[in-house]
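Asks: Attaching a single structure in structure tokens format; questions to follow.
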Amino acid sequence: MSDRLESMLSDLVDGLVWPVDSTSVEQSVLDNLGSRQTRRPERRRKLTYALAAVFLISVIVYLVPPARQAVANLFGAAGIQITFGDSPFDDVVADLGLGTEVAIGDIDDAADFEVLAPMGSDPGQPDRVYVGENGEVNMAWEARSQLPAAGNTGIGLLLTQGLEGSGEYRGVKTVAPETDVESVLVDGAQGFWIEGTPHALVLVDETGVEREETRRLAANVLLWARDGISYRLETTGDLASAIAIAESLSPVSR
Amino acid sequence: MEGRPPDEQELIERSCNGDTEAFGALVRTHQKAALRVAFLVVRDRAEAEDVTQEAFVNAYNALGRFRAGSPFRPWMLRIVRNEALNRVRGRKRQEFYARQLFTESVPGGAAPSPETILVADSSRSAVLAAMERLPEKYRAVLYHRYLIDLSEAEVARVLGIPRGTVKSRASRGLTRLRTLLEAEGWDHK
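So the sequences go chain by chain: A and B.
Taking numbering that gives the first Met the number 0, the leading residue of the first sequence gets 0, the next gets one more, and so forth.
Taking numbering that gives the first Met the number 0, the leading residue of the second sequence gets 0, the next gets one more, and so forth.
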């Protein structure tokens, strides 16, 4: 410990009074485990409520034009007219909340891990690079002939990499029957390729905890993790091209 | 922090075999740290309790995947933190979709006001307030290192990041913390 601050931080734990310290969850946990047989119907009820909520939202979205437009802007839903400004790409990347834009040359200073980017001319350097609120790095490529746009977003490829929730993926749960999930290897690392109907993804990490991730484009998704970093590539391309891009990733700083 | 009972591995084995009393002993041992980890994320006592309870139930169901002989505490705390993050993400997602659908913020949809962690004196309080202003990636490391009192290896396991990243984030976080405190005229020398 080199100064008063570090010394004080080390002593801090003894001087804190936490609002949760008087709480015990032991009995409620045991009660919950004891009633596991009766929890299943409850889960079904939750699913029923969730489906009812989805139906209600769908009705609202259908009936209320501003809501319909908002959702159309988000997902590029078929059968709904979508109006964008002069630059769909800029509008969409702004709406996606990808974080603070930084120059590709500054990304190593802005991120707290070694940031990778595809090498070579396909897809080339990203058009926009952002650092998200949890420190994740988002790279977006504008649609072009080799990279068709996802819906009407103007985005051809979106790569997210970060430290949060970067444990090894053990599985992917999906709810849409039209969606295919394929277990793949990305440079030897376990990954998953999800193709089909856009919907929320439920990832199962190494501890068995389920984590919901919202797919941001109406596109296919390649997920993998390596060396404590998680990667997600959303693309309109096929599995082979996604794997090729994923396996071409190299440190930006080199 | 509390000392671990010497027979923790035995408790885990018994829990794996369906002995809920043994699991209750594990809950008793680790619930204080678990509640604190949850509270640091959700900032609401009732929700922290709910998160912690759910996390212990999830952990019980995931015990079959627990690697025998490895430390239980960071594994458990990681489940707690992931569960808490899920709650916060769910909250943000609900607010986001509500804004998209109705084009304005939902009254009362904001995150609950943080409850206060009380400290013994004003200088510690100043340090805590400054930590709160750090970017999340530094704050999470410093909170788990100093407020939850975890080792670097445990912080790495709980946050799911390499140990070297814990070191670098702690170092940069401390530097930023000093800068913030110096700007307020606090003498840390």
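Glycine is no exception: its CB is placed at the ideal position from the N, C-alpha and C atoms.
On a predicted model such as this, the values are computed, not experimentally measured, just so you know.
Of the residues F55/B, S167/B, A139/B and F38/B, which one's Cα is nearest the Cα of G23/B?
Replies: F55/B
Asks: Can you give me, in chain order, the residues of the stretch 148 to 174 of chain B that have a beta carbon less than 8 angstroms from any beta carbon in chain A?
Replies: Within the stretch 148 to 174 of chain B, the qualifying residues are D148, L158, G159, I160, P161, T164, S167, R168, R171 and L173.
Asks: Excluding five sequence neighbours on each side, which residues of the same chain lie with their C-beta closer than 7 angstroms to the C-beta of G190/A?
Replies: V183, L184, L221, L222 and W223
Asks: Run through DSSP, which three-state label would P122/A get?
Replies: coil
Asks: Whose CA, out of D226/A, T22/A, A109/A and G153/A, lies closest to the CA of D126/A?
Replies: G153/A
Asks: Quick check: is the beta carbon of S112/B nearer than 9 angstroms to any beta carbon in chain A?
Replies: Residue placement at S112/B is flagged as unreliable, the pLDDT there being 44, under the threshold of 50; the coordinate-derived value follows with that caveat. Among the CB atoms of chain A, none fall inside 9 angstroms of the CB of S112/B.
Asks: Using DSSP with H/G/I as helix, E/B as strand and the rest coil, what is M0/B?
Replies: Bear in mind that a pLDDT of 49 at M0/B, under 50, signals an unreliable position, so the number given afterwards is only what the model happens to contain. If DSSP states are grouped into helix, strand and coil, M0/B belongs with coil.
Asks: Mind checking if G234/A is an interface residue toward chain B, Cβ cutoff 9 angstroms exclusive?
Replies: Before going further, note that residue 234/A is Thr rather than Gly in the sequence given. T234/A does not count as touching chain B.
Asks: Between the C-alpha atoms of L39/B and L149/B, what's the straight-line distance to the nearest angstrom?
Replies: 14 angstroms
Asks: Output the distance between the C-alpha atoms of L133/B and L8/A, rounded to the nearest integer angstrom.
Replies: 15 angstroms
Asks: Quick check for students: name the residue ranges of the alpha helix (DSSP H) that lie wholly in the stretch 43 to 84 of chain B, counting only runs of 4 or more.
Replies: Within the stretch 43 to 84 of chain B, the complete alpha helix (DSSP H) runs of at least 4 residues are 44 to 61.
Asks: Counting pairs of Cβ atoms below 8 angstroms between the stretch 55 to 74 of chain B and the stretch 174 to 188 of chain B, do you hit three or more?
Replies: no
Asks: Looking at the C-beta of R3/A, does it have a partner C-beta in chain B at a distance below 9 angstroms?
Replies: yes
Asks: Is D111/A buried or exposed, if buried means 16 or more other CB atoms sit within 10 Å of its CB?
Replies: buried
Asks: Just the chain A side, please: which residues come within less than 8 angstroms of Y59/B by C-beta, in chain order?
Replies: V28 and L32
Asks: Determine the closest residue to P73/B out of V36/B, R86/B, E46/B and V41/B, with distance taken between C-alpha atoms.
Replies: V36/B
Asks: Tell me, please, whether the CB atom of P250/A is closer than 9 angstroms to any CB atom in chain B?
Replies: no
Asks: Under 9 angstroms, do G236/A and L95/A count as touching if we go by C-beta distance?
Replies: no
Asks: Taking 9 angstroms as the CB-CB cut-off, is A67/B touching chain A?
Replies: no
Asks: By the three-class DSSP mapping on this structure, what secondary structure does L133/B have?
Replies: coil
Asks: So what does DSSP say about N16/B, is it helix, strand or coil?
Replies: coil
Asks: In the structure shown, what three-state DSSP assignment does Q26/A receive?
Replies: helix
Asks: Judging by CA-CA distance, which residue of A33/B, R86/B and L62/B is the nearest neighbour of E12/B?
Replies: L62/B
Asks: Just how far apart, CA to CA, sit V19/A and A33/B?
Replies: 10 angstroms
Asks: Does chain B have any CB closer than 9 angstroms to the CB of I193/A?
Replies: Closer than 9 angstroms: no.
Asks: Using the three-state DSSP reduction, which class does F74/A fall into: helix, strand or coil?
Replies: In this prediction, F74/A scores a pLDDT of 35, lower than 50, which makes its location untrustworthy; no coordinate-derived value is stated.
Asks: Exposed or buried, E41/A, counting other C-beta atoms within 10 Å across all chains shown (16 or more means buried)?
Replies: Caution is warranted here: a pLDDT of 35 is assigned to E41/A, below 50, making its placement in the model unreliable, and the coordinate value is therefore given only provisionally. With fewer than 16 other Cβ atoms within 10 Å, it is exposed.
Asks: Between the Cα of E181/A and those of A239/A, E100/A and M138/A, spot the shortest distance and give me the residue it belongs to.
Replies: A239/A
Asks: Rounded to whole angstroms, what's the CA-CA distance from N60/B to L248/A? Just pull it up for me.
Replies: 37 angstroms
Asks: Shorter than 9 angstroms from the beta carbon of A76/A to some beta carbon of chain B?
Replies: Because A76/A carries a pLDDT of 30, less than 50, the predicted location of this residue cannot be relied on, and no value is offered for it.
Asks: For A169/B versus E151/B, is the C-beta spacing smaller than 9 angstroms?
Replies: In this structure, the beta-carbon distance from A169/B to E151/B falls below 9 angstroms.
Asks: In whole angstroms, what is the alpha-carbon distance linking G172/B and A109/A?
Replies: 14 angstroms
Asks: Rank G98/A, Q26/A, E135/A and E233/A by C-alpha distance to the C-alpha of I160/B and give the top, closest one.
Replies: E135/A
Asks: Determine the direct distance from the alpha carbon of A149/A to that of G33/A, and round the result to whole angstroms.
Replies: Roughly 47 angstroms between the two C-alpha positions.
Asks: Give a yes or no on whether the C-beta atoms belonging to Y230/A and L157/A are separated by under 9 angstroms.
Replies: no
Asks: Closer than 7 angstroms, Cβ to any Cβ of chain A: which residues of the stretch 25 to 44 of chain B, in chain order?
Replies: V26, R27, Q30, K31, L34, R35, F38 and R44
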